Every structure is written in structure tokens, then in C-alpha cells.
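Worksheet: one structure, shown below.
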Amino acid sequence: MKSNSLTFVNLRPDVTAPVEAYVIIIIIIMASVGNLEDAARKRKERLAALKKRAQDSKDTGGREDEPPAKIAAKEPKFRSYKPEDDQLKDKAVEPAKPVQGERLQSGEREDLAAVVNAKAVAAAQRQNDDNDDYDSD
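The working numbering puts the first residue of the sequence shown at -9, with every later residue one more than the last.
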């Protein structure tokens, strides 16, 4: 009479698992290897198609004796560099002049300084962890 007991395999001394668990793990690994092989095959097919397309466009494209079209380069603009060459001096850009804001022109300079000073004082204050008072350093 045959018993319905599971056969256990000890691969490591601290782990005991039924043989069926190892079979399932091996099947999963083999399936993932199959997926990798499929992905590699698809990648090779895409590369072959790209090479063929590039070869076809090269064969049907322009003649080889024609020089390639010249790519127009942008004109250089010298902002922080002052060229000494006469040919390059005309390409230099004049330095930017600071724009006076309406707030400064209208005479609110003192108010602006007070706001900046108040923000600096608030930034200098930090909370003391011992008590919830603010400590200024």
C-alpha cells in the first residue's frame, strides 16, 4: 500500500521544502529564460530591419559623388567675451543695462529696504527646542 506523503529534500540544512516546490521554481526559471530568448530574437529582428532600411535608403538615396548638404552654423554671439579680432568685434553683444523698476523710480527705496531688513531679521531668528520662544542669534 502506497502512502500519500510528500518527499522532502534538504538543499540547505536550515531549509526543508517539498520536491514539488523546487520543480515549480525550476519551471518558473525556465519560463523566464524563454522570455529572455524571445526578447533577444525580437531585438535581433528589429536591428536587422533597421540595417536593411538604412541600406535601402542609402542605395536609393542621392548619388555618392554629390557632397553632403552643408549644415548652416549659428552666428556666434559674444556676451561675456570681448574679442580682440576686428572680424569678431562686430559680433559682440553690448552688455545689458540694468532695468530700473517702477518701484525704485517712484521713490519707494526706503520701503523696499525696510522689507528686505524685516525678512533678514526673521530669517536670523530660530526656534529654541527647549522652550517655544524664539531665540535670535
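Don't be surprised by glycine CBs; every beta carbon is placed ideally from N, CA and C.
The model shown is predicted, which means the values in this text are computed figures rather than measured ones.
Specify, as a first and last residue, the run of the alpha helix (DSSP H) that lysine 79 falls within.
It spans 76 to 79 - the alpha helix (DSSP H) in which lysine 79 sits, taken as one unbroken run.
Between proline 66 and lysine 81, is the Cβ-Cβ spacing less than 8 Å?
Contact flag set, yes.
From the DSSP output, which residues share a beta bridge with alanine 82?
In the DSSP assignment, the residues bridged to alanine 82 are Phe68.
Secondary structure at isoleucine 16, three-state DSSP: helix, strand or coil?
Per DSSP, reduced to three states, the secondary structure at isoleucine 16 is helical.
Three-state class that DSSP yields for asparagine 62 in the structure shown
Just to set this straight, residue 62 is alanine in the shown sequence, not asparagine. Alanine 62: coil per DSSP, three-state reduction.
Roughly how many whole angstroms lie between the Cα atoms of aspartate 28 and lysine 64?
Spanning the two alpha carbons is a distance of roughly 47 Å.
Taking the alpha-carbon positions, what's the arginine 33 to leucine 26 distance?
If I take the Cα positions, the gap works out to 10 Å.
Going by C-alpha to C-alpha distance, which of Ala104, Arg69 and Arg43 sits closest to glutamate 84?
Answer by Cα proximity: Arg69.
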